[in-house]
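Residue numbers (this note's numbering), protein chains in the order written: chain A, 1 to 87; chain B, 1001 to 1162; chain C, 2001 to 2757. I have placed the structure first, in the form of structure tokens, so that the comments after it can refer back to it.
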Amino acid sequence: MATVFIPAELRVLTHGVSQLTVTASTVADAVTELNGQFPGIETHLIQGSKLRAGLMVSINGTFSSQGLRAPVTASDEIHFLPAIGGG
Amino acid sequence: MAKKRIVSTTINGDAVEFLCEPRQTLLEILRDVLEMTGTKEGCGNGNCGSCTVLMNGKPVTSCLVLGVEAEGVELRTIEGVARGSELDEVQQAFLEGAALQCGICTPGFIMQTEALLACNPTPTEEEIRFHLAGNLCRCTGYDKIVRAVQCAAERRAGACHK
Amino acid sequence: MSTVEKPSYKVIGTRPIRHDGVDKVTGRAKYGADIRLTGMLWAAMLRSPHAHAKITRLDTSKAKALPGVRAVVTSKDFPDQGDRLVELGEGSVNMKHLAANVLAHDKVLYHGHAIAAVAADSIHIAQQAVELIEIEYEVLPPVQDALSAMKPESPVLNTDVRTKGYVAGGPGSADQPTNVASRIYFEQGDIKKGFADAAVVVEREFHTATVHQGYIEPHNATVLWNADGKVTVWMSTQGTFTARQQTAELLRIPVSDVKVVPMEIGGGFGGKISVYLPPVAAMLSKLSGRPVQLVMDRAAVLLATGPTPGSYIRVKVGTDKSGRIIAADAYLAYEAGAYPGSPIGPGCMCIFSCYDIPNARVEGYDVCVNKPRTNAYRAPGSTNAAFAMETVLDEIAKQLKLDPAEIRLLNAAKEGTRRVDGPKYSRIGMAETVEAIRDSAHYQSPLPGPNRGRGIATGFWFNVGLKSSVTATLNLDGKVSLLEGSTDIGGTRTSIAMQFAETLGIPCEDVHPSVVDTDSIGYTDVTGGSRTTFSTGIAAVNAANDIKQQLIERAAIHWQTTPDKVQYIDGGVTCSDGQRLTFKELAAELHELGGPVIGQGTSGKEAQGGAFGTHCVDVEVDPETGKVQILRYTAAQDCGTAIHPSYVEGQIQGGAVQGIGWALNEEFWYDPKGLLRNATFLDYRMPTCYDVPMIDAIIVEVPDPSHPYGVRGVGEVPICPPPAAIANAIANAVGVQMTTLPMSPPKIMAELLKQKK
Chain A
1 MATVFIPAEL RVLTHGVSQL TVTASTVADA VTELNGQFPG IETHLIQGSK LRAGLMVSIN
61 GTFSSQGLRA PVTASDEIHF LPAIGGG
Chain B
1001 MAKKRIVSTT INGDAVEFLC EPRQTLLEIL RDVLEMTGTK EGCGNGNCGS CTVLMNGKPV
1061 TSCLVLGVEA EGVELRTIEG VARGSELDEV QQAFLEGAAL QCGICTPGFI MQTEALLACN
1121 PTPTEEEIRF HLAGNLCRCT GYDKIVRAVQ CAAERRAGAC HK
Chain C
2001 MSTVEKPSYK VIGTRPIRHD GVDKVTGRAK YGADIRLTGM LWAAMLRSPH AHAKITRLDT
2061 SKAKALPGVR AVVTSKDFPD QGDRLVELGE GSVNMKHLAA NVLAHDKVLY HGHAIAAVAA
2121 DSIHIAQQAV ELIEIEYEVL PPVQDALSAM KPESPVLNTD VRTKGYVAGG PGSADQPTNV
2181 ASRIYFEQGD IKKGFADAAV VVEREFHTAT VHQGYIEPHN ATVLWNADGK VTVWMSTQGT
2241 FTARQQTAEL LRIPVSDVKV VPMEIGGGFG GKISVYLPPV AAMLSKLSGR PVQLVMDRAA
2301 VLLATGPTPG SYIRVKVGTD KSGRIIAADA YLAYEAGAYP GSPIGPGCMC IFSCYDIPNA
2361 RVEGYDVCVN KPRTNAYRAP GSTNAAFAME TVLDEIAKQL KLDPAEIRLL NAAKEGTRRV
2421 DGPKYSRIGM AETVEAIRDS AHYQSPLPGP NRGRGIATGF WFNVGLKSSV TATLNLDGKV
2481 SLLEGSTDIG GTRTSIAMQF AETLGIPCED VHPSVVDTDS IGYTDVTGGS RTTFSTGIAA
2541 VNAANDIKQQ LIERAAIHWQ TTPDKVQYID GGVTCSDGQR LTFKELAAEL HELGGPVIGQ
2601 GTSGKEAQGG AFGTHCVDVE VDPETGKVQI LRYTAAQDCG TAIHPSYVEG QIQGGAVQGI
2661 GWALNEEFWY DPKGLLRNAT FLDYRMPTCY DVPMIDAIIV EVPDPSHPYG VRGVGEVPIC
2721 PPPAAIANAI ANAVGVQMTT LPMSPPKIMA ELLKQKK
């Protein structure tokens, strides 16, 4: 059972709930499950078939380049964070 | 536009003549007319030192010298520092001491160092820093540049003793 | 100093001469502005004299009529971008905004905003023609800083901007034009309870000035739009592939029709990722049928490229009696410049990143103002944030009579610490860098004398991974030609070649690295984000392993055995029967063993483990003038594994001195009309070698488990601590706590005079 951490700015949509345990095997599945619990939340995370511009997904503290396709396994932590570039 | 003039000068020991508009800077002549692009432009107004060349042995920012002022002088540029295929002590010290990162300021620093060591072969750290203060480097924090100048001075002194 | 016993490397950790060194000390290296093409034209640009204005008339006919002028372009000559976002390597970019930044559309949004360009037979004719362009403006009031731009009554720069992440009631708007481009929000634990339980609480407000990357080489582009529709761009850039894509997208031509040829690059620091010139030079080339060179002058560089945001930051930190942080709250507003895109996200993620804080909240805003569109600058967003957090922490240490190193160690983030933005850290070296400073000769030494003080501060940067490609061809003499796509700004040809050589067990000098154009190597992201030695290094290691595998197969042919009987060990192949061939011996036989061997490697990790640095500085403040002199400086940084220690030290020293400039002198001065009044290197005062002492670099090595040799990027972290370390030193020297950057003499004098009252 992976855990999705709900971005703090979206917790107004989850009545303050900050985490959700999901049975998902990919980030996309996790977002679908999240949206099942909190309808409408996915529009803040997804645009078309991709993560929203400017967002990245972190799995267990490591950013993934696979976005919504990134696989997740039980005990994984999923975070949605602002994208980082660098100088 | 004023007419072009012929300017006769000496660059790195060679007699050179070039055609020059009065408004053209020495830097522009070197880079665009003579295609000697080793001398770099960083600011165009004498603040960064990247275009330093030696004119009659003295360091000048070539962006503040007009091409016509080169008449009858002796110029030395970065292209004339190595002795044939052998680097001189300053170049060697910069290379071995990792005293460059991007390298755009390096020709200016080497020319400024040549000028310093010619008049003061054993400069103190304070003297090195004062003499090089007109040359900006944004990459290195100057630490390794100052050490390279110290190293070059020592090597040159050693070479003289031999 | 290393935290674990290092494997015994042969090449890694040595200090070979860089492969491009001789070219760079003899003037032979070709930088962007050094290229000369047959028939080449020179170009110049018209830039806005106003900070904020509508263009009411633009007539280029007189310029076009000047003899020697070959082409004139304005934004009207470029295809419409529509409303689209494009992924450009380091994040997605609104193409309409990027296009309007390259050449203004109907409005200019900052002093120096490019409007038109002319290509002519000489630079002088081009400049003369620019003067002949007729233009009229309707001047609008300028919006000069983030806080005033956020007010509802502020003029709005971009009518298409809405607040990303908007919540009802906050600054900005979800459906009306606004300057507030995005809102970032993080929260963990219960900060109300945390502050209620705190024994000490300190809250301060900070203002930092807009500063520039200050690379010595101005932006440049030389472009040929050939009759076959193919566009070649010679330029200095941090990333050829992003430059190619931006150019192609702005011209709306297929990306593969553009080839970017990397010239040597004279510094970037984040400022040479976004394109300004290539599309303009390309269009001038298309119209004239000739190659066109467009080079910025220094004023244009300072007016219209870079910078990194000025900012407003408020930080409140509460600790218990022992100094343990139990609550922290931050509010950050960063100036995006003319178009959205300041590093507010990373700023918010970095502000509390050095510490383990159970209850915390961070709120941040990206705000458009009439200044140049900001771009990345060495650890973008982190330095501003570190200045605020690290000075507040020092104030708390003082109140609790704690040593500044001890309060940092007490709270240091470590493996498993949950960051305020959510994720937990993997293995990191925060505490190790503080310990390195605490135990250094510098920190342990006394600092006698009046008006002198010592300060320390810590900084953090993520270090990105991203994508790289390397190709390596084995030559018959046993040497290797290594092709890579990472432009080399500070010796990365060598740090990459060293990892390749280490993997194959051959000398570094036998590897000949070349940075090649976008047609000659696989996709490679920018040289930035401290990623090149890490990520292109991984690609090089993979390419070397590919060659190893092929050599095992070739040796099996040579010994007429099967590959499973052959091993690659220590720079050669060994057969199970005891026979051995060195790398060189086997290379000489390749043509009879199946032909050429080419190794390939790529990498695509998104991120590294992150890196920390702690700096210690001694200053003396002149009480008569407010001038701060740096007496001694030591910087400790976790570099994972230092591949080429000289260039690692160089990154630390260079970053520290840029940070010193940011701390003490550098700032864009805008007058009340929003005009930049110091667009020269005389008045935009970067440190000279007379301003700084030697910078002692302490390399701490806590290997990053995500790299085969444990590399952590080193380029960005060292700019983060200096402003805070210097502010803390000033406070200890003369008792004034500075909350603005730069801490220039007039500002320090003002505080000293207040203190006297």
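Heads up, the beta-carbon is just placed ideally off N, CA and C, and yes, glycines get one too.
Per-residue DSSP class, three states only, for lysine 2192 of chain C: Three-state DSSP puts lysine 2192 of chain C in a helix.
Neighbourhood of lysine 2272 of chain C by C-beta, 6 Å cutoff - its chain only, sequence neighbours within 5 removed: Counting only Cβ-Cβ distances below 6 Å, and skipping sequence neighbours, we find Thr2237 and Gln2238.
Close Cβ partners of glutamine 1091 of chain B (< 7 Å) along its chain, the five nearest in sequence each way excluded: Excluding sequence neighbours, glutamine 1091 of chain B sits near Val1081, Ala1082 and Ile1110.
Rounded C-alpha distance that separates lysine 1162 of chain B from arginine 1155 of chain B: Confidence at lysine 1162 of chain B is low in this model, with a pLDDT of 44, below 50, so its placement is unreliable and no value can be given for it.
Buried versus exposed, by CB contacts within 10 Å (16 or more), isoleucine 1011 of chain B: Flag for isoleucine 1011 of chain B reads buried.
Anticipated Cβ contact below 8 Å, alanine 2126 of chain C with valine 2118 of chain C, distance rounded: With a Cβ gap of about 5 Å, alanine 2126 of chain C and valine 2118 of chain C count as contacting.
C-alpha gap between arginine 2204 of chain C and asparagine 2375 of chain C, whole angstroms: Just so you know, the alpha carbons of arginine 2204 of chain C and asparagine 2375 of chain C end up roughly 27 Å apart.
Chain C within 7 Å of leucine 68 of chain A, Cβ atoms only: Leucine 68 of chain A is outside the set of residues whose beta carbon lies under 7 Å from a beta carbon in chain C.
Distance CB(isoleucine 2699 of chain C)-CB(alanine 2642 of chain C) smaller than 7 Å: In this structure, alanine 2642 of chain C lies closer than 7 Å to isoleucine 2699 of chain C by Cβ.
For tyrosine 2185 of chain C, the nearest candidate out of C:Ala2497, C:Pro2152 and C:Asp2329 (CA to CA): Residue C:Asp2329 is the option with its Cα nearest to tyrosine 2185 of chain C.
Proximity to proline 2218 of chain C [Cα-Cα], best of C:Ser2481, C:Ala2051, C:Ser2445 and C:Asp2297: From the listed residues C:Ser2481, C:Ala2051, C:Ser2445 and C:Asp2297, the smallest Cα separation to proline 2218 of chain C is found for C:Asp2297.
Near the ligand SAM: alanine 2100 of chain C beta-carbon under 6 Å from a heavy atom: Judged by which ligands are present, the structure shown has none, so any question about the ligand SAM falls away.
Proximity test, Cβ basis, 7 Å: glutamine 2399 of chain C and chain B: Under the Cβ criterion of 7 Å, glutamine 2399 of chain C is not counted among the residues facing chain B.
Alpha carbon of alanine 70 of chain A to alpha carbon of leucine 2147 of chain C, nearest angstrom: Rounded to the nearest angstrom, the two C-alpha atoms are 39 Å apart.
Cβ neighbour criterion (16 or more within 10 Å) applied to isoleucine 2407 of chain C: Its Cβ being crowded by 16 or more others within 10 Å, isoleucine 2407 of chain C is buried.
Whether proline 1059 of chain B touches glycine 2027 of chain C by CB criterion (7 Å): Going by C-beta atoms, proline 1059 of chain B is not nearer than 7 Å to glycine 2027 of chain C.
Chain-ordered chain C contacts of alanine 8 of chain A [CB-CB under 7 Å]: Neighbours of alanine 8 of chain A on chain C, chain order: Tyr2185, Phe2186 and Glu2187.
Serine 1008 of chain B versus B:Arg1129, B:Val1149, B:Glu1069 and B:Gly1044, residue with shortest Cα-Cα distance: Comparing Cα positions, the closest option is B:Glu1069.
Extent of the continuous beta strand (DSSP E) to which cysteine 2368 of chain C belongs: Segment 2360-2368, the beta strand (DSSP E) holding cysteine 2368 of chain C.
The alpha helix (DSSP H) enclosing serine 2514 of chain C, as first and last residue numbers: Here serine 2514 of chain C belongs to no alpha helix (DSSP H); instead the beta strand (DSSP E) covers 2511-2515.
Where leucine 81 of chain A meets chain C, residues with beta-carbon distance less than 8 Å: The answer, in chain order, is Gly2345, Met2349, Asp2421, Gly2422 and Pro2423.
Classification of cysteine 2616 of chain C by the beta-carbon crowding that lies within 10 angstroms, buried from 16 upward: Counting Cβ neighbours within 10 Å, cysteine 2616 of chain C comes out buried, since at least 16 surround it.
Where proline 2380 of chain C meets chain A, residues with beta-carbon distance less than 8 Å: Within chain A, the residues near proline 2380 of chain C are Gly85, Gly86 and Gly87.
Interface flag, glycine 48 of chain A vs chain C, CB-CB below 7 Å: False, the Cβ-Cβ gap to chain C never drops below 7 Å.
Closer than 7 Å at the beta carbon, the chain C residues around aspartate 1143 of chain B: Ordered by position in chain C, the residues that pass the 7 Å Cβ test against aspartate 1143 of chain B are Gln2653, Met2694 and Ile2695.
Helix, strand or coil at glutamine 1112 of chain B according to DSSP, with G and I counted as helix: Helix, per DSSP.
Any 3 or more C-beta pairs closer than 8 Å across the segment 1093-1103 of chain B and the segment 1135-1149 of chain B: Between the segment 1093-1103 of chain B and the segment 1135-1149 of chain B, the count of Cβ pairs shorter than 8 Å is three or higher; the stretches touch.
Residue range of the alpha helix (DSSP H) that includes aspartate 2023 of chain C: Segment 2021-2026, the alpha helix (DSSP H) holding aspartate 2023 of chain C.
Reduced DSSP category for alanine 2662 of chain C - H, G, I as helix; E, B as strand; rest coil: Checking the sequence shown, residue 2662 of chain C turns out to be tryptophan, not alanine. DSSP, read as helix, strand or coil, puts tryptophan 2662 of chain C in helix.
CB contact flag (threonine 2210 of chain C, phenylalanine 2681 of chain C, <7 Å): Their beta carbons are not under 7 Å apart, which means threonine 2210 of chain C does not touch phenylalanine 2681 of chain C by this criterion.
Per DSSP, cross-strand counterpart(s) of isoleucine 78 of chain A: Beta-bridge pairing links isoleucine 78 of chain A to A:Val4 and A:Ile59.
Integer Cβ distance of alanine 1152 of chain B from leucine 1117 of chain B, believed to fall under 8 Å: That belief holds up - the Cβ atoms of alanine 1152 of chain B and leucine 1117 of chain B are roughly 7 Å apart, short of 8 Å.
N-terminal and C-terminal residue of the beta strand (DSSP E) that arginine 1076 of chain B is part of: Unbroken beta strand (DSSP E) run through arginine 1076 of chain B: 1074-1076.
Straight-line gap, serine 2481 of chain C to leucine 2590 of chain C (C-alpha atoms, nearest Å): In this structure, the CA atom of serine 2481 of chain C is about 15 Å from the CA atom of leucine 2590 of chain C.
Residue-level contact to chain A via CB, serine 2426 of chain C, 7 Å cutoff: Yes, serine 2426 of chain C lies at the interface with chain A (some Cβ there is under 7 Å from its Cβ).
Cβ-based contacts, 7 Å cut-off: residues of the segment 15-33 of chain A near chain C: Taking 7 Å as the upper bound on Cβ-Cβ separation, chain C lies near no residue of the segment 15-33 of chain A.
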